[in-house]
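Participant:
Residue numbers (the working numbering): 1 to 663.
1) Classify residue 107: buried if its beta carbon has 16 or more other beta carbons within 10 angstroms, exposed otherwise.
2) On a Cα-Cα basis, can you pick out the residue from 466, 642 and 429 that is closest to residue 601?
3) If I follow the unbroken beta strand (DSSP E) through residue 73, where does it start and stop?
4) Cβ atoms of residue 416 and residue 380: under 9 angstroms apart, would you say?
5) Can you tell me which of 556, 523 and 575 puts its alpha carbon nearest to the alpha carbon of residue 622?
6) Can you look up residue 185 in the DSSP assignment and give me helix, strand or coil?
7) Among 112, 568, 71 and 360, which residue has its Cα nearest to the Cα of residue 39?
8) If you reduce the DSSP assignment to three classes, tell me which class residue 522 lands in.
9) Does the separation of the CB atoms of residue 109 and residue 152 fall below 9 angstroms?
10) Which partner residues does residue 472 have in the DSSP bridge list?
11) Looking only at DSSP bridge pairs, what is residue 194 linked to?
12) Would you mind reading off the limits of the alpha helix (DSSP H) that contains residue 112?
13) Going along the chain, which unbroken runs of the beta strand (DSSP E) with 3 or more residues stay wholly within the region 381-440?
14) Ends of the beta strand (DSSP E) at residue 237?
15) Distance, Cα to Cα, residue 304 vs residue 388?
16) Excluding five sequence neighbours on each side, which residues of the same chain lie with their C-beta closer than 6 angstroms to the C-beta of residue 537?
17) Provide the residue span of the alpha helix (DSSP H) that contains residue 452, from first to last.
18) According to DSSP, simplified to helix, strand and coil, what is residue 275?
19) I need the straight-line Cα distance from residue 236 to residue 324, nearest angstrom please.
20) Near residue 262, what residues of its chain come up, given a Cβ to Cβ distance below 6 angstroms and the 5 sequence neighbours on each side ignored?
21) Where does residue 517 fall in DSSP's three states?
22) Measure the beta-carbon distance from residue 645 to residue 519 and round it to whole angstroms, keeping in mind my assumption that it falls under 8 angstroms.
23) Going by C-alpha distance, which of 559, 267, 251 and 411 is nearest residue 335?
24) So for residue 540, helix, strand or coil by DSSP?
25) Comparing alpha-carbon positions, which option in 515, 582, 70 and 361 lies nearest residue 547?
26) On the CB-based measure, 16 or more other CB atoms within 10 Å of its CB, does residue 29 come out buried or exposed?
27) Please report the straight-line C-alpha distance between residue 629 and residue 158, rounded to a whole angstrom.
28) Would you identify the three-state DSSP class for residue 48, choosing helix, strand or coil?
29) So, helix, strand or coil for residue 481, using DSSP?
30) Does the region 579-594 come close enough to the region 548-560 to have 3 or more Cβ pairs within less than 8 angstroms?
31) Excluding sequence positions up to five away, which residues of its chain have a Cβ less than 6 angstroms from the Cβ of residue 265?
32) Can you name the residues that DSSP bridges to residue 626?
33) To the nearest angstrom, report how far apart residue 671 and residue 408 are at their CA atoms.
34) Using the Cβ count rule (16 or more neighbours within 10 Å means buried), how would you classify residue 574?
35) Counting C-beta neighbours from all protein chains within 10 Å, is the total for residue 473 16 or more, i.e. buried, or is it exposed?
36) Return the CA-CA distance between residue 48 and residue 101, expressed in angstroms with no decimal places.
Right under this line is the structure:
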């Protein structure tokens with residue numbers, strides 16, 4: 001092999017000298033940097049051109065050679081280039097000779113150390129079909145993956161089988177195939193020992209057939225990925241007499257992300273034909289992405305027994321990666337995927353959606369080409385579309401209103417929903433993510449915010465029972481966990497309740513307005529006094545969305561001045577129930593006043609949860625829903641606000657829930 005390479009390099013060297021019209025392109029730096037003629041540093045030595053030199057060992061930065069005849073001319077500062085193995089490009093830092101052995105200490109060099117001026121550009125087709133494998137390159141595959149005349153057969157490949165949290169879980173590609181032979185265009189331009197341009201772009205038609213079966217004997221959450229096969233092929237491009245060694249690896253990786261809250265199974269799939277062009281270009285010190293895609297998707301039959309909340313994302317992603325002189329270079333992956341999301345409870349007894357999409361990731365570590373080229377990585381813009389869905393309506397929808405302690409309640413049916421910024425709304429905030437799955441038991445919620453009249457009844461009763469103390473300026477807890485805490489700021493001009501002669505009264509005409517200037521402690525104390533509670537943050541959002549995942553807590557999920565009191569369209573609070581109710585029969589879930597929730601404010605977790613009660617400790621309590629003076633952005637179902645629990649504000653009130661227990 002070494003003799004063949006030396007003959008090849010001898011021929012190329014003669015050919016290059018011939019076409020350069022007598023100019024010696026192997027030495028000097030040259031002044032003409034506008035031509036395409038290659039100019040090679042005089043320090044560059046291609047090992048395969050050294051007739052009497054043979055590489056013995058490579059150990060980290062040390063190269064050991066043996067030689068015959070006269071001692072080879074290798075000195076400090078030389079740039080050694082070779083296509084041996086995966087190739088190497090090294091700068092000599094020290095040389096020692098003993099007998100017929102030369103030991104060379106080196107460090108990684110850049111191609112711009114060896115090449116003053118030169119271009120390289122090639123396009124290759126990554127052909128992994130059965131006819132090609134075995135004739136060139138190295139192919140490795142996991143059990144179950146086989147090659148056909150046209151592509152890859154994945155049928156029967158097991159992605160996972162084992163126990164997770166005591167549950168038996170299995171994920172299998174029951175039927176699958178891939179046809180993808182991408183073209184890879186990789187090249188660069190060097191001028192005055194500086195990389196002016198570099199590009200690596202892959203493109204082609206990806207035909208993807210994917211049927212998958214998943215089963216779990218209990219609740220679980222799992223993600224995993226395996227490499228289905230890899231195909232490695234080495235090439236080199238010539239810049240003058242310098243070989244640019246590239247080892248290209250083409251892999252297919254299959255993976256999944258799944259979660260279920262109980263025993264569940266799923267069979268689903270789709271066909272996808274995608275045209276892609278993905279990569280990046282480096283010009284004038286800046287990177288530009290290349291990302292073009294179009295896709296046609298066809299659903300397959302979906303079988304899901306509607307007994308469990310089940311989310312599943314499955315994908316097979318082709319990855320093209322390149323090593324330059326055995327150093328990591330660019331990688332490009334393209335990820336076509338299917339995403340199943342099935343849930344039970346709420347407005348629908350069950351519902352599911354099957355989506356298909358495509359995304360891509362890039363990474364470019366090409367410092368070996370030249371100094372000053374920054375590493376670069378990015379996620380290209382993803383595309384997704386719903387290709388199938390189905391549902392069955394539930395009998396539940398809030399139920400008939402019922403009274404307790406002069407408060408009207410409706411029953412909110414239990415179920416599972418996605419909590420957070422599910423709309424991926426650009427008006428959303430970071431604390432609304434990650435979107436996560438929450439399962440709730442049924443509960444009763446007051447149809448309106450607690451009114452001045454209802455709160456005044458409580459104050460008079462609590463005063464008589466000795467649970468509170470009062471002055472003309474403030475109401476304070478006297479017993480229980482909140483003893484000494486202020487409940488209501490009577491002294492604020494916005495407060496519509498007053499105290500005199502040992503009696504609480506309400507400003508005329510404000511009886512049905514929501515109570516305000518009430519602290520979290522005052523809200524919680526009211527709830528506990530009647531054996532009720534404040535809603536948890538997840539209960540509040542679930543109820544606000546009305547079983548329909550509505551963006552706003554209105555009758556149809558949209559918001560305007562006829563549906564909610566917000567954005568100063570009235571410029572004050574309004575009587576509760578003045579606007580249409582949401583699908584659960586709840587009024588003013590968006591606007592009028594913010595509403596205290598049970599929870600301490602804290603970050604969301606991506607993990608699914610059942611009846612969560614929020615952070616265990618904190619400095620602030622959550623309030624939700626927006627108010628009469630807030631824009632629509634703050635009235636969204638997903639928006640989260642928080643305040644000091646001692647805070648008494650003219651735009652915060654509360655509503656209550658009954659679930660049989662208090663947190």
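Glycine included, each C-beta is placed from N, C-alpha and C at the ideal position.
Facilitator: Taking the definition as stated:
1) exposed
2) Ranking 466, 642 and 429 by Cα distance to residue 601 puts 642 first.
3) Element bounds for residue 73: n/a, residue is neither H nor E.
4) no
5) 523
6) strand
7) 112
8) In this structure, residue 522 counts as helix in the three-state DSSP scheme.
9) no
10) DSSP, once it has assigned bridges, lists no residue as partnering residue 472.
11) 191
12) 111-114
13) 402-404, 407-412, 415-419 and 436-440
14) 220-239
15) One C-alpha to the other measures close to 13 angstroms.
16) Excluding sequence neighbours, residue 537 sits near 597, 599, 614 and 622.
17) Counting along the chain, the alpha helix (DSSP H) containing residue 452 begins and ends at 452-465.
18) strand
19) For residue 236 and residue 324, the distance between alpha carbons rounds to 9 angstroms.
20) Same-chain partners within the cutoff: 219 and 308.
21) Residue 517 carries a coil assignment under DSSP once its states are collapsed to helix, strand and coil.
22) 6 angstroms
23) With distances taken between Cα atoms, residue 335 lies closest to 251.
24) helix
25) Each of 515, 582, 70 and 361 was checked against the Cα of residue 547, and the nearest Cα belongs to 582.
26) The predicted position of residue 29 is uncertain, since its pLDDT is 33 and thus under 50; no value can be drawn from it.
27) When rounded, the distance between both Cα atoms is 56 angstroms.
28) helix
29) helix
30) yes
31) For residue 265, where only same-chain residues beyond five positions count, the Cβ hits under 6 angstroms are 215.
32) None; residue 626 has no bridge partner.
33) No answer is possible for residue 671: the residues shown for the chain start at 1 and end at 663.
34) buried
35) exposed
36) 17 angstroms
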